[in-house]
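Beneath this line is the structure, given in structure tokens, with notes to follow.
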Amino acid sequence: MAALRRKFGEDYQVVNTNRATTFSAPAKKKRQRFVDKNGRCNVQHGNLGGETSRYLSDLFTTLVDLKWRWNMLIFILTYTIAWLVMASMWWIIAYIRGDLNHGHDSTYTPCVANVYNFPSAFLFFIETEATIGYGYRYITEKCPEGIILFLFQSLMGSIVDAFLIGCMFIKMSQPKKRAETLMFSQDAVISQRDGKLCLMFRVGNLRNSHMVSAQIRCKLIKSRQTPEGEFLPLDQCELDVGFGTGADQLFLVSPLTICHEINPKSPFFDLSQRSLMNEEFEIVVILEGIVETTGMTCQARTSYTEDEVLWGHRFLPVMSLEEGFFRVDYSQFHNTFEVPTPAYSVKEHEEKNSLPSPQSTPTPALTESQGARRGRVFSVDCINTAEERARQGGAGGRLPSKLQRMSSSGKEDLQRKVLMLSSQHPEKACSTGDLPLKLQRLSSSPVPEAETRLQLKSLKVGFEPMTQSTGDLYQQSLQTTLSPAPVLTHSPLPSAGGRPEDNLPAKLRKMNADR
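Below, the structure is given as structure tokens:
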């Protein structure tokens, strides 16, 4: 016990599930089982009416299925009656021929020599049937009816022997007794395995001979009512114990723990520790395999009711390593110990995990900041696009050639300076449409870099965060191309008319008119 506590922890308590000191759930009224613990099915067939004749059509199977006391009675009665009938037939032949009156006459040739009465006829039949042949009683050649009866006796004796002896041999070699050496745990447990809630029970083989192609199946027996109102008593539902993965194919040389994972496909999906006390069901376990010594198929059965399912328990290990072999301790086969297990069902656990977490919900401020950050990511190619669109417009074609040359000559310098400014202020404007008019004029004129910095400082240019759309870029670039090159003023351009030429200074308008 001390070693077990060191291995599994001080919080684990060993529970002996033997019937003397069993771990029992709250006391419940004992109800009728569908399958007993020894595998016997508690089902009786009644009111067959005229269907009883079907048993006689398969007489051999009927005799094999009978209990041993009835088989022995039928065996003894069959041979006794057959011997008496055949002995009577030999006595009748001797009586009809008058052999009984000439029993001691040496000159008379009877049908069967030395048959004087019924006991002597019975002894002759036994000697003939058992092929003993003492030589004192024998058939003579002057009795054709005796020869025919002898042939009939040989045939009927062979048939009766084959039928009854074969029936007894099949009944004795039935693998039902082999199932007595296949063990099932007295209780089933529910606990976690690999992070999943599972229903588990244990099976074992007491013999050294193996069960070939051993396979296990589980059925849930539970009454239910359909949505249409039909009541289904003792409805059978399959429990998956590894059919898809091959875990139901057992190599049963040592005790194995069979596991049924409780998932959305399981009928125990909404079963919790509290609801287990109010449920009524029965789990039928069927173990099938081929007996290695006889080659016959063996089936062992047992069942677990709801009060035999222990929540939060696990089976004790029974394997130990010795020098050169593994030892199985069957004294711990039925024992369990308590383990921490959630008391709620798998369905409640999944519904709890499916609820949205407050930490994972994005806030509106964070969404807006991310959108603004994405809006600031522009390329300098916007400058080229805006200038091309402005150049293709109706206003650009009417500008003087001198102004157009000034705009084209300062294009490369303007892009380089804008890139430098955008690298220094990544969060500010990176397009010429966002720059003030004086900065655009300074970037287009061939002024030294030092003077440009002084003028920028004196102008106190402020960069606004770039949130303009493509249309705003076009409008700002259009205003840039329409602004006069030599004028440095803080006042906006006067609008004198609807045409773009009316907004130009007087000197430029005169130059345009002369041209």
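The sequence shown begins at 48 in my numbering and counts up one residue at a time. C-beta: ideal position from N, C-alpha, C; glycine also. Quick caveat, the model's predicted, so the values are computed rather than measured.
What's the call for residue i, buried or exposed, on a 16-neighbour Cβ count within 10 Å?
{"i": "F216", "result": "exposed"}
{"i": "R78", "result": "exposed"}
{"i": "N252", "result": "buried"}
{"i": "M108", "result": "Residue 108 is actually Thr in this sequence, not Met. Flag for T108 reads exposed."}
{"i": "G373", "result": "Per the sequence presented here, residue 373 reads as Phe, with Gly not at that position. Exposed is the call here."}
{"i": "D561", "result": "exposed"}
{"i": "W115", "result": "exposed"}
{"i": "E326", "result": "exposed"}
{"i": "G88", "result": "As written in the sequence, residue 88 is Cys, which differs from the Gly given in the question. It is exposed - the Cβ of C88 has fewer than 16 other Cβ atoms within 10 Å."}
{"i": "L202", "result": "exposed"}
{"i": "V259", "result": "exposed"}
{"i": "W358", "result": "buried"}
{"i": "Y181", "result": "exposed"}
{"i": "H92", "result": "exposed"}
{"i": "S256", "result": "exposed"}
{"i": "P191", "result": "exposed"}
{"i": "G96", "result": "exposed"}
{"i": "G585", "result": "The chain is shown only over 48 to 562; residue 585 falls outside these bounds and no answer can be derived."}
{"i": "G418", "result": "Any reading at G418 must be qualified, since the residue scores a pLDDT of 48, below 50, and its modelled position is unreliable; the value itself is stated next. Exposed: under 16 other Cβ atoms inside 10 Å."}
{"i": "A543", "result": "In this prediction, A543 has a pLDDT of 40, which is less than 50 and means its spatial position is unreliable; what the coordinates show is noted afterwards. A543 should be labelled exposed."}
{"i": "P552", "result": "exposed"}
{"i": "M219", "result": "exposed"}
{"i": "H307", "result": "buried"}
{"i": "L137", "result": "The sequence shown places Trp at residue 137, not Leu. W137 should be labelled buried."}
{"i": "T99", "result": "exposed"}
{"i": "L246", "result": "buried"}
{"i": "P302", "result": "buried"}
{"i": "A209", "result": "exposed"}
What residues are listed by DSSP as bridge partners for residue i?
{"i": "L368", "result": "F373"}
{"i": "R249", "result": "T304"}
{"i": "E285", "result": "K266"}
{"i": "Q4", "result": "Past the boundaries of the shown model lies residue 4; the chain is included only from 48 to 562, so the question cannot be answered."}
{"i": "R184", "result": "Answer by DSSP bridge pairing: none, since R184 is not bridged."}
{"i": "A261", "result": "L297"}
{"i": "Q272", "result": "F278"}
{"i": "V356", "result": "A235"}
{"i": "V82", "result": "C88"}
I need the boundaries of the beta strand (DSSP E) containing residue i, first residue and last residue.
{"i": "L323", "result": "L323 -> not in any beta strand (DSSP E); alpha helix (DSSP H) instead, spanning Q320 to L323."}
{"i": "F384", "result": "T383 to E385"}
{"i": "E329", "result": "E329 to V338"}
{"i": "A177", "result": "Per DSSP, A177 belongs to no beta strand (DSSP E) and is neither H nor E."}
{"i": "S350", "result": "T344 to T352"}
{"i": "L147", "result": "Unbroken run through L147: none, as it is neither H nor E."}
{"i": "V159", "result": "Looking at the DSSP string, V159 is not in any beta strand (DSSP E), and its letter there is neither H nor E."}
{"i": "H360", "result": "H360 to F362"}
{"i": "L564", "result": "An answer regarding residue 564 cannot be provided, because it is not within the stretch 48 to 562 covered by the chain."}
{"i": "F231", "result": "L229 to F231"}
Return the first residue and the last residue of the alpha helix (DSSP H) that residue i is part of.
{"i": "T127", "result": "W115 to R144"}
{"i": "S205", "result": "P191 to M219"}
{"i": "H396", "result": "V393 to S401"}
{"i": "F107", "result": "L106 to D112"}
{"i": "L555", "result": "A553 to D561"}
Next item on the list: Determine, using beta-carbon pairs with one atom in the region 165 to 172 and one in the region 137 to 145, whether at least three such pairs fall under 8 Å.
Entry: Three or more pairs of CB atoms, one per stretch, sit closer than 8 Å, so the region 165 to 172 contacts the region 137 to 145.
Note to self: Count Cβ pairs between the region 340 to 352 and the region 211 to 227 that sit closer than 8 Å; are there 3 or more?
What the structure shows: yes
Notebook entry, point to check: Given 8 Å as the limit, is there contact between the region 358 to 375 and the region 287 to 298, that is, 3 or more CB pairs closer than that?
Noted result: no
Notebook entry, point to check: So, do the region 126 to 133 and the region 172 to 180 have three or more beta carbon pairs nearer to each other than 8 Å?
Noted result: yes
Next item on the list: Decide yes or no for the touch test of the region 271 to 281 against the region 205 to 219: beta carbon pairs closer than 8 Å, at least 3 of them.
Entry: Verdict: no, contact absent.
Check: Given 8 Å as the limit, is there contact between the region 385 to 399 and the region 238 to 252, that is, 3 or more CB pairs closer than that?
Finding: yes
Next item on the list: Decide yes or no for the touch test of the region 184 to 201 against the region 265 to 274: beta carbon pairs closer than 8 Å, at least 3 of them.
Entry: Touching, no, given that fewer than three Cβ pairs across the two stretches are closer than 8 Å.
Note to self: For the structure I just gave you, are there three or more beta carbon pairs, one from the region 152 to 160 and one from the region 175 to 195, closer than 8 Å?
What the structure shows: yes
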